[in-house]
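Residue numbers (the UniProt record's numbering): 1 to 488. Ideal placement from N, C-alpha and C gives every residue a C-beta, glycine not left out. Here the structure is laid out as structure tokens; the discussion comes afterwards.
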């Protein structure tokens, strides 16, 4: 009898995890990029309904031919993850000295010079500094307390509340006319948190410096480069439904075509995620997602300098970039405008282009948009933003972690905490990390610290990061620096 023959089957290669990311804004693209660094483990596809990726970080041409970044503009040097992500594709931030003009006439003040209003409200300003320190120390007690209610309770003057605090908060958090309802604890962080601080508090003037911020380059070019580096990006595709089962996820688009995936990442807004889940949403998803409240804003890009002079403290030689006004008929409501040519690097040397934002269309009767000369309007756009009210932090943020990873489903975007490009970037990296793609920027300690803090909020205190796996050429560069550069 001959020797028995034996055969050995080659071991199967580990199966790739198929991931569908719905939404091509910075959250979705950061998630896709981080996963795509491990092509042996992930098969990643981004699906975006718009013709281009970037979401609200968009570049568009105006009627006179210039290209502008017309929604997302830039941020603070503390936005480490956002800056490092863009640096991976060769894009550097453009530093600017951030100059703001608030109010008009007797109510005018700036972050760079003295004013009659600041002198008159100096006692309130000094008291506010002490309040900020107490709120920061006792943050858990104040997270659900609206800033306007707290200031009223402590008898701060109406002028201080409506001419100084509310316009300042509205500008930096994008909270618009919901600003009175913003959490006092969140506002304290802008002044007190060493990682997130935007301004140095001054007991004499409230703001003590012109900070160095950054403006983005052409965002259309940034996201085109990111998309080109990803394995699969489908733009102009509207998703109509997401069905989940024990075996994975089925995503159906408007044409009726369906594809199977192992995991789905909702990197779109909470409203869109709820629509796509439909009747298949869990009880928790159905209860929580509608708690993210949205409002419609109108953005008008124009060259009407006369409008700026009539409605703002507009002094061209001061080289102010941002302008904020309080509605004289309703002190709780504001409007804001920007001089884009003062800080967008690709507009340097162009004739002035202004952008005015009119907040919450349910109050459009009080808007001053009708005062803009229609012949000087370059572009209009409606946009939808969520509100950072205390309810957002009380009824949504603490519970996001309980949605993550359930039924092969993940959530990413600024709405998971608050609406900054940095938060959106971290939210995408966090989902990628949970799926098994290690955090890419551990070499930058501030970026890593911020990421870990976000993970605790959006994914839970006891979630462990994926173990680091070195990737040649990825995430090994020096930390991003934004150096001071005086406006020319």
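Residues in the same chain with beta-carbon distance under 6 Å from residue i, minus the five sequence neighbours each way, listed in chain order, please.
i: residue 399; result: 288
i: residue 145; result: 184
i: residue 233; result: 46, 227
i: residue 252; result: 240, 241, 258
i: residue 21; result: 28, 31, 32, 46, 265, 267
i: residue 18; result: 43, 261, 262
i: residue 118; result: 109, 205
i: residue 494; result: Because the chain is modelled from 1 through 488, residue 494 falls outside the range shown and cannot be assessed.
i: residue 8; result: Because residue 8 carries a pLDDT of 49, less than 50, the predicted location of this residue cannot be relied on, and the following value inherits that uncertainty. Result list for residue 8: empty, nothing under 6 Å.
i: residue 189; result: 196
Taking residue i as the reference, which of the options has the closest Cα?
i: residue 307; options: 137, 35, 369, 22; result: 369
i: residue 407; options: 424, 277, 298; result: 277
i: residue 213; options: 127, 226, 381, 199; result: 199
i: residue 47; options: 60, 231, 178; result: 231
i: residue 73; options: 440, 346, 388, 101; result: 346
i: residue 124; options: 140, 202, 90, 61; result: 202
i: residue 390; options: 129, 182, 314; result: 182
i: residue 150; options: 376, 377, 127; result: 127
i: residue 372; options: 326, 310, 416; result: 310
i: residue 215; options: 70, 375, 122; result: 70
i: residue 95; options: 243, 237, 379, 211; result: 211
i: residue 393; options: 132, 56, 134, 143; result: 143
i: residue 460; options: 34, 401, 56; result: 401
i: residue 152; options: 141, 139, 166; result: 166
i: residue 379; options: 38, 40, 37, 65; result: 65
i: residue 269; options: 413, 137, 427; result: 413
i: residue 431; options: 465, 422, 445; result: 465
i: residue 377; options: 304, 327, 436, 458; result: 304
i: residue 191; options: 134, 275, 428; result: 134
i: residue 248; options: 139, 80, 410; result: 410
i: residue 160; options: 39, 103, 422; result: 103
i: residue 235; options: 23, 458, 463; result: 23
i: residue 445; options: 209, 141, 79; result: 79
i: residue 56; options: 77, 458, 420, 403; result: 420
Excluding five sequence neighbours on each side, which residues of the same chain lie with their C-beta closer than 7 Å to the C-beta of residue i?
i: residue 468; result: 438, 442
i: residue 246; result: none
i: residue 16; result: 41, 42, 43
With a CB to CB cut of under 8 Å and the five nearest residues on each side skipped, what residues in its chain are close to residue i?
i: residue 113; result: 318
i: residue 493; result: Residue 493 is absent from the model: the chain starts at 1 and stops at 488.
i: residue 405; result: 434
i: residue 115; result: 108, 109
i: residue 474; result: Low confidence applies here, because residue 474 scores a pLDDT of 43, under 50, leaving its location unreliable; read the following figure in that light. The residues are 37, 88, 440.
i: residue 448; result: 439, 441, 442
i: residue 218; result: 59, 67, 69, 346
i: residue 105; result: 313
i: residue 350; result: 66, 341
i: residue 364; result: 298, 358
Using the DSSP secondary-structure output, state which residues sit across from residue i in a beta bridge.
i: residue 336; result: 324, 357
i: residue 379; result: 301
i: residue 94; result: 215
i: residue 54; result: 25
i: residue 261; result: 249
i: residue 241; result: 252
i: residue 69; result: 59
i: residue 109; result: 102
i: residue 369; result: DSSP lists no partner for residue 369.
i: residue 129; result: Its beta-bridge partners do not exist; DSSP assigns none.
i: residue 74; result: 215
i: residue 44; result: 19
i: residue 233; result: 46
i: residue 295; result: 385
i: residue 146; result: 183
i: residue 266; result: 22, 411
Would you call the segment 51-70 and the segment 325-336 touching, i.e. three or more CB-CB distances under 8 Å? no
How do the segment 351-359 and the segment 297-313 stand: do at least 3 beta-carbon pairs fall below 8 Å, yes or no? yes
Write down every uninterrupted run of the alpha helix (DSSP H) in the segment 430-474 whose length is 4 residues or greater and which is fully enclosed by it, in chain order. 445-458
Do three or more CB pairs link the segment 451-467 to the segment 54-63 at distances below 8 Å? no
Ordered list of alpha helix (DSSP H) runs contained in the segment 150-215, each at least 4 residues: 166-173, 184-192
Could you tell me which uninterrupted alpha helix (DSSP H) segments, each at least 4 residues in length, are contained entirely in the segment 384-426, listed from first to last along the chain? 390-395
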